[in-house]
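Sequential numbering of the sequence shown, starting at 51, is according to the numbering used here. Just so you know, even glycine gets a beta-carbon here, dropped at the ideal spot from N, CA and C. The next block holds one structure in the form of structure tokens; read it before the comments.
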Amino acid sequence: MDSFTLSLMGLCGFTLLFDRFFCGYACAFGSLGDAVWALSGLIQKKLFHRKKQLRLPEWAVLLGQKVKYLLLAWLVALYVTRQEKMLTGASPWEVFSRLTALHLPPEGFGVGIGLLVLILLGMAVQPRFFCQFLCPMGAVFALLPVLPFARLHRQSDGCIPGCNACKQQCPVCLKLEETSLRSGECIACEACVGTCPKQNIHRWDTTLCKRLWLPVLGKVLLFFLLGCWLGFCRFI
């Protein structure tokens with residue numbers, strides 16, 4: 051029961067109650083992806099005069115989303131067979147964490163640096179590139195069940211005919227034809243909720259409060275308290 055195990059258990063419990071809220075609002079790597087995507091769009095617009103930002107086709111996105119499950123299975127197999135030493139120096143997350151702490155990666159991290167560079171390039175051509183395609187933690191969260199009241203729902207009978215605003219804004223290319231929008235690929239960013247012109251997409255918390263920032267603030271506070279509790283548990 052180390053700090054990582056406690057954190058994982060806490061995040062899994064949080065996911066059961068609020069879907070992949072951590073991915074949508076609290077993941078540092080996800081924030082990096084958002085920043086790179088926004089910067090890429092600005093460069094394409096100002097320098098190359100593109101009206102529509104370059105991104106991967108939908109078929110490639112849907113296919114790439116399966117890769118993270120294979121990566122998760124491979125990582126589990128390495129640890130089960132006690133071959134985790136093969137990962138030494140190959141972790142882009144460790145390189146990222148060292149850079150954010152203003153420390154250069156030590157020698158032997160060439161593979162990790164190379165992977166981080168490739169991920170940054172991917173982030174420039176697809177929103178939430180890492181979250182969708184390569185994050186093993188995202189695969190864990192995607193496989194977890196979510197309580198029915200925590201799922202997004204849509205009142206399809208009130209939608210504007212032919213309106214695809216929600217699907218166009220979804221960074222993970224979810225098909226939103228169904229009444230229940232539950233999908234493991236959903237990162238709970240609620241872009242669809244904010245873009246719906248008829249406000250037909252909702253969750254229990256957004257139903258109670260029309261101001262979208264209040265439910266988000268409440269979840270952030272709860273997430274902060276959860277982190278404090280997990281930090282306290284390390285010393286018990």
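Straight-line Cα distance separating T131 from L267: One C-alpha to the other measures close to 42 angstroms.
Could you give the C-beta distance for F68 and A238, rounded to a whole number, given that I count them as a contact under 8 angstroms? Between the beta-carbon of F68 and that of A238 there is about 7 angstroms, and that keeps the pair under the 8 angstroms contact cut.
If I'm right that M173 touches G83 with Cβ under 8 angstroms, what's the distance once you round it to whole angstroms? 5 angstroms
Kindly indicate which residue of L171, T245, N250 and L184 has the alpha-carbon position closest to the one of G208. N250
Quick one: what does DSSP say S53 is sitting in, helix, strand or coil? helix
Excluding the five sequence neighbours on either side, which residues of its own chain have a C-beta within less than 6 angstroms of the C-beta of V111, listed in chain order? Cβ within range, chain order: C223.
For the alpha helix (DSSP H) containing P142, list its first residue and its last residue. First-last of the alpha helix (DSSP H) with P142: P142 to T150.
Where do the ends of the alpha helix (DSSP H) carrying M187 lie? P186 to L193
Continuous alpha helix (DSSP H) stretch holding Q133: start and end: Run containing Q133: none; DSSP gives neither H nor E here.
Contacting residues, own chain, Cβ-Cβ under 7 angstroms from Y119 (five flanking each side not counted): A189
Given that a residue counts as buried once 16 or more other Cβ atoms are within 10 Å of its Cβ, and exposed if not, what is F274? Looking at its Cβ environment, which holds fewer than 16 other Cβ atoms inside 10 Å, F274 is exposed.
Closest by C-alpha distance to R253, when choosing among S206, E235, C216 and R201: Across the set S206, E235, C216 and R201, the C-alpha of R201 shows the shortest separation from the C-alpha of R253.
Along the chain, where does the alpha helix (DSSP H) containing V196 start, and where does it finish? Under the DSSP assignment, V196 falls outside any alpha helix (DSSP H); it carries neither an H nor an E label.
CA-CA distance, G277 and C236? Straight-line Cα distance between these residues: approximately 23 angstroms.
Given a threshold of 16 other Cβ atoms within 10 Å of its Cβ, counted over all protein chains shown, does R288 qualify as buried or as exposed? As displayed, the chain neither begins before 51 nor continues past 286, which places residue 288 out of reach and without an answer.
For the alpha helix (DSSP H) containing T139, list its first residue and its last residue. Before going on, a small fix: residue 139 reads as Gly here, not Thr. Annotation for G139: no alpha helix (DSSP H) segment contains it, and DSSP assigns it neither H nor E.
Whole-angstrom distance between I210 and S53, CA atom to CA atom: 48 angstroms
Over the uninterrupted alpha helix (DSSP H) stretch that includes K217, give me the two end residues. It spans A215 to Q219 - the alpha helix (DSSP H) in which K217 sits, taken as one unbroken run.
Going by the beta-carbon positions, is the gap between F191 and T65 smaller than 9 angstroms? yes
In or out: K269 buried (at least 16 other Cβ within 10 Å) or exposed? With a 10 Å radius around the Cβ and a threshold of 16 neighbouring Cβ atoms, K269 comes out buried.
Span of the alpha helix (DSSP H) holding V86? A78 to K96
Establish whether the CB of G139 and some CB of chain D are separated by less than 9 angstroms. The structure shown contains no chain D, having only a single protein chain.
Limits of the unbroken alpha helix (DSSP H) element including C242: Its alpha helix (DSSP H) spans residues A241 to T245.
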